[in-house]
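Trainee: In terms of numbering that gives the first Met the number 0, the sequence shown is residues 0 to 468.
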Amino acid sequence: MKKTKIVATLGPACDPDGVIESMIREGVNVFRLNFSHGTSKDHARRVATVRQAAKKLGLPIAILQDISGPKIRIGEIENRVLELRGGDRLTLTTRRVLGSKRVIGVNYRGLTKDVKEGNSLFLADGLIEVEVEKTNHSDIQCRVLNSGRLTSHQGINFPGGTLRAGVITEKDKRDLKVGVKIGVDMVALSFVRDPRDIGRARRILGDLGVKAMPLVAKIEKHEALSNLDAILEAADGAMVARGDLGVEIPLEQVPLAQRKIIQRSRQTGRCCIVATHMLASMVNRPRPTRAEVADITTAVLDGADALMLSEETAVGHYPIESVRMMAKIIRAAEASINHRRLFEETAISGSVSDSISQAACLIAEDVKAKAVLTPTAFGKTAIRISRFRPSPIILALSHNHQILRFLSLYWGVFPVAAARAHSLGDLFKVCVDAARQRGFVKKGDLVVITGGVPLNQSGSTNLIRVQKV
0 MKKTKIVATL
10 GPACDPDGVI
20 ESMIREGVNV
30 FRLNFSHGTS
40 KDHARRVATV
50 RQAAKKLGLP
60 IAILQDISGP
70 KIRIGEIENR
80 VLELRGGDRL
90 TLTTRRVLGS
100 KRVIGVNYRG
110 LTKDVKEGNS
120 LFLADGLIEV
130 EVEKTNHSDI
140 QCRVLNSGRL
150 TSHQGINFPG
160 GTLRAGVITE
170 KDKRDLKVGV
180 KIGVDMVALS
190 FVRDPRDIGR
200 ARRILGDLGV
210 KAMPLVAKIE
220 KHEALSNLDA
230 ILEAADGAMV
240 ARGDLGVEIP
250 LEQVPLAQRK
260 IIQRSRQTGR
270 CCIVATHMLA
280 SMVNRPRPTR
290 AEVADITTAV
300 LDGADALMLS
310 EETAVGHYPI
320 ESVRMMAKII
330 RAAEASINHR
340 RLFEETAISG
350 SVSDSISQAA
360 CLIAEDVKAK
370 AVLTPTAFGK
380 TAIRISRFRP
390 SPIILALSHN
400 HQILRFLSLY
410 WGVFPVAAAR
420 AHSLGDLFKV
430 CVDAARQRGF
440 VKKGDLVVIT
450 GGVPLNQSGS
460 TNLIRVQKV
């Protein structure tokens, strides 16, 4: 039973009958809706299919909405493809034009004000570098520094610079409204730069009547790395979005940034997803490269909560096989995790809840408990336990299905629906009965139960009980 979770992106490759159900059986815990592609009807239909499959299998599968953000892209190019050569002169313009070798349109009007002479811009999602030579109110005259192929609507990056474009666009606001309507469980925010971006998203969701939507900050800007701790304080999780991050900072720094984001997320009790090109070769091939296997293994050993598949499952030829392979690699990597070392590395705040959670994990290890049972109204107890990376499984028991689906993103946490308890004795019985019914524990197993009184109150973790089933 793997403890590192799998996020799979939905797309046309998932649409044939039975594919989504098979992906869940192979190990998907969360499905991602990429709102940079597809229509509202596509997203609604796929959410309905996920809910139907999850209900059939009796599993709390979550839906993550990933909004586009202010991605700067070039416009349409004549014949869709253009070959640029080093030394060429190229004008980027905010005017409406059909792209050619001399002039290409961009979708962000403020770009001419944000860049200046001598700045570098990267086209083709980081593959072609151009140097800014001159700007005016609508045009940026550039010199192409290296040859490459450019296709319509590819991204533009401005590493080391700051763009004044708002993180949440008008399209994002419309998409958030769609997400609320179709019932997504959490939202990933693109191109977050500082905690104020998280606050803006919460206010927009509040205006839509949503007061408690979990928000995942995508760390893909150099500013986000500088403001990482403040962003984690404001958000509910982080995503290491290695695609744009690998253009924003030197490539050789990406693995180090990944490790830093994972470690800081765990220390602050935030879930962390590692994304982009995890199994990219499996878009067209049934087996991964050795480098991809090593990449996944490194992310697991670094302590990521979840790993994400993008085009592999959205448009690839082998969506089910990609999930199966990722789960297989995860299980192999987890067999070598040093749980005691991770436990000792985990800092605690000195609060009663943190201290009780730490003690529960230590006791569970010492008595070789089968599971740590965490009855939880808001998910906080299960999240605290997950931080310490115990070797027993963590069963989060709650009557709140939205909380259960969010917890499916956390390392080692297995959400279980359970009735609301009305007394302490009732609480212990409800937990053990639910764990037995789902087959996680059997008669004679030792379990550690940690929760709090008063019941159903956030932040009240203050008790530990060791019980034989």
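Just so it is clear, CB atoms sit at the ideal spot from N, CA and C, and this is done for glycine as well. These numbers were taken from a predicted model, which means no experiment stands behind them.
1. From Arg94 to Ala187, what distance separates their C-alpha atoms?
2. Have a look at Gly74, Asp14, Asp304, Val465 and flag the residue whose alpha-carbon is nearest the alpha-carbon of Ala359.
3. Under 8 Å by Cβ, that's how I've got Cys13 and Leu91 pegged, so tell me the actual separation to the nearest angstrom.
4. According to the Cβ coordinates, are Ile218 and Val239 closer than 9 Å?
5. Where do the N-terminal and C-terminal ends of the alpha helix (DSSP H) with Cys360 fall, by residue?
6. Taking the beta strand (DSSP E) that Leu396 falls in, what are its first and last residues?
7. Measure the beta-carbon distance from Ala313 to Thr38 and round it to whole angstroms, keeping in mind my assumption that it falls under 8 Å.
8. Less than 9 Å between the beta carbons of Leu394 and Phe439, yes or no?
9. Over what stretch of residues does the beta strand (DSSP E) that includes Glu128 continue unbroken?
10. Taking the DSSP output, what are the residues bridged to Ser119?
11. What did DSSP end up calling Gly160 once you bin it into helix, strand or coil?
12. Is it true that the stretch 289 to 297 meets the stretch 317 to 333, where meeting means three or more beta-carbon pairs spaced less than 8 Å apart?
13. Would Phe30 pass as a contact of Arg45 if the rule is Cβ separation under 9 Å?
14. Are there 16 or more other CB atoms within 10 angstroms of the CB of Gly236, so buried, or fewer, so exposed?
15. Using the Cβ count rule (16 or more neighbours within 10 Å means buried), how would you classify Lys467?
16. Nearest to Met281 by CA position, among Arg173, Pro318, Thr275, Ile230, is which residue?
17. State the start and end residues of the unbroken beta strand (DSSP E) segment that holds Gln466.
18. Using the Cβ count rule (16 or more neighbours within 10 Å means buried), how would you classify Arg108?
19. With a 10 Å radius around its C-beta and 16 neighbouring C-beta atoms as the bar for buried, classify Ala211 as buried or exposed.
20. I need the straight-line Cα distance from Ala200 to Ile167, nearest angstrom please.
21. Give me, in chain order, the residues of the same chain whose beta-carbon lies closer than 6 Å to that of Ala53; leave out the 5 immediate sequence neighbours on both sides.
22. Taking buried to mean at least 16 other C-beta atoms within 10 Å of its own C-beta, is Pro285 buried or exposed?
23. Going by DSSP, which residues form a beta bridge with Leu188?
24. Could you spell out where the beta strand (DSSP E) holding Ala43 opens and where it closes?
25. Could you compute how far the alpha carbon of Asp472 sits from the alpha carbon of Trp410?
26. So Val183 and Leu32 are in contact, right, with Cβ under 8 Å, and what is the actual spacing, rounded?
27. Distance, Cα to Cα, Ile5 vs Asp138?
28. Would a C-beta distance cut-off of 9 Å place Asp196 and Ile66 closer than the cut-off?
29. Express the C-alpha separation of Lys442 and Thr275 in angstroms, rounding to a whole number.
30. Going by Cα to Cα distance, which pick from Lys176, Val322, Glu222 is closest to Val209?
31. How far does the alpha helix (DSSP H) with Phe427 in it reach, from first residue to last?
32. My assumption, with CB atoms under 8 Å, is that Phe190 sits in contact with Pro158. Please give the rounded CB distance.
33. Mind the definition here: the stretch 410 to 423 touches the stretch 445 to 456 only if three or more C-beta pairs lie below 8 Å; say whether that holds.
34. Are the beta-carbon atoms of Leu63 and Leu408 separated by less than 9 Å?
35. If the criterion is Cβ atoms closer than 9 Å, does the pair Leu306 and Thr3 meet it?
Mentor: Checking against the coordinates, here is how it stands:
1. Within the sequence shown, the letter at position 95 stands for residue 94. Within the sequence shown, the letter at position 188 stands for residue 187. The alpha-carbon atoms of Arg94 and Ala187 are separated by roughly 31 Å.
2. One-based indexing of the sequence shown puts residue 359 at position 360. If we check each option's Cα against that of Ala359, Val465 comes out closest.
3. Reading the sequence shown from its first residue, position 14 is the one you call residue 13. Reading the sequence shown from its first residue, position 92 is the one you call residue 91. Cys13 to Leu91, Cβ: 36 Å. No contact.
4. Counting from one through the sequence shown, the residue named residue 218 turns up at place 219. Counting from one through the sequence shown, the residue named residue 239 turns up at place 240. Yes; because the gap between Cβ atoms is below 9 Å, this pair is in contact.
5. Here residue 360 refers to the residue found at position 361 when the sequence shown is read from its first residue. Start and end: 351 to 365.
6. In the sequence shown, counting from the first residue as 1, residue 396 sits at position 397. Residues 392 to 397.
7. Locating residue 313 in the sequence shown gives position 314, counting from the first residue. Locating residue 38 in the sequence shown gives position 39, counting from the first residue. In fact, because the Cβ distance is near 14 Å, the residues do not count as touching under 8 Å.
8. In the sequence shown, counting from the first residue as 1, residue 394 sits at position 395. In the sequence shown, counting from the first residue as 1, residue 439 sits at position 440. Against a cut-off of 9 Å, the Cβ pair of Phe439 and Leu394 comes out as a contact.
9. Your numbering for residue 128 matches position 129 in the sequence shown. For Glu128, the enclosing beta strand (DSSP E) stretches over residues 127 to 134.
10. For the purposes of this step, residue 119 is identified with residue 120 of the sequence shown, where counting begins at 1. Glu130, per the DSSP bridge assignment.
11. Counting from one through the sequence shown, the residue named residue 160 turns up at place 161. Three-state DSSP puts Gly160 in coil, outside helix and strand.
12. Yes, since at least three Cβ pairs between the stretch 289 to 297 and the stretch 317 to 333 fall closer than 8 Å, the two stretches touch.
13. Start at 1 with the first residue of the sequence shown, and residue 30 comes out as number 31. Start at 1 with the first residue of the sequence shown, and residue 45 comes out as number 46. Closer than 9 Å, so yes.
14. In the sequence shown, residue 236 corresponds to position 237, counting from 1. Buried is the call here.
15. To locate residue 467, count along the sequence shown from 1; it is residue 468. Under this definition Lys467 is an exposed residue.
16. Along the sequence shown, one-based indexing puts residue 281 at 282. That would be Pro318, whose Cα lies nearest to the Cα of Met281.
17. As a position in the sequence shown, residue 466 is number 467, starting the count at 1. Start and end: 460 to 467.
18. Residue mapping note: residue 108 aligns to position 109 of the sequence shown, counting from 1. Exposure of Arg108 is indicated by the presence of fewer than 16 other C-beta atoms within 10 angstroms of its C-beta.
19. Position 212 of the sequence shown holds residue 211. Its Cβ having fewer than 16 others within 10 Å, Ala211 is exposed.
20. Counting from one through the sequence shown, the residue named residue 200 turns up at place 201. Counting from one through the sequence shown, the residue named residue 167 turns up at place 168. About 7 Å.
21. Sequence index remark: in the sequence shown, residue 53 carries index 54 (1-based). So the qualifying residues of the chain are Ile60.
22. Numbered from 1 along the sequence shown, position 286 holds the residue referred to as residue 285. Label assigned to Pro285: exposed.
23. On the sequence shown, position 189 is the one that residue 188 refers to. Ala216.
24. Residue numbering aside, residue 43 sits at position 44 when the sequence shown is read from its first letter. Element bounds for Ala43: not the beta strand (DSSP E) but the alpha helix (DSSP H), 39 to 56.
25. As shown, the chain starts at 0 and ends at 468. That puts residue 472 outside it, with no answer to give.
26. The residue you call residue 183 lines up with position 184 of the sequence shown. The residue you call residue 32 lines up with position 33 of the sequence shown. 7 Å between Cβ atoms; contact.
27. If you number the sequence shown from 1, residue 5 lands on position 6. If you number the sequence shown from 1, residue 138 lands on position 139. Across the structure, Ile5 and Asp138 are spaced so that their CA atoms are roughly 44 Å apart.
28. Residue 196 sits at position 197 when you count from the first residue of the sequence shown. Residue 66 sits at position 67 when you count from the first residue of the sequence shown. Against a cut-off of 9 Å, the Cβ pair of Ile66 and Asp196 comes out as no contact.
29. Indexing the sequence shown from 1 puts residue 275 at position 276. Indexing the sequence shown from 1 puts residue 442 at position 443. Approximately 43 Å, taken between the alpha carbons.
30. The count along the sequence shown starts at 1 and reaches residue 209 at position 210. For the residues Lys176, Val322, Glu222, the minimum Cα distance to Val209 belongs to Lys176.
31. Here the question's residue 427 lines up with position 428 in the sequence shown. 423 to 436 is the extent of the alpha helix (DSSP H) around Phe427.
32. Locating residue 190 in the sequence shown gives position 191, where the first residue counts as 1. Locating residue 158 in the sequence shown gives position 159, where the first residue counts as 1. No, Phe190 and Pro158 are not in contact; Cβ-Cβ is about 13 Å, not under 8 Å.
33. yes
34. For the purposes of this step, residue 63 is taken as residue 64 along the sequence shown, with counting starting at 1. For the purposes of this step, residue 408 is taken as residue 409 along the sequence shown, with counting starting at 1. A contact, by the Cβ cut-off of 9 Å.
35. Here residue 306 corresponds to residue number 307 of the sequence shown, with the count starting at 1. Here residue 3 corresponds to residue number 4 of the sequence shown, with the count starting at 1. Going by C-beta atoms, Leu306 is nearer than 9 Å to Thr3.
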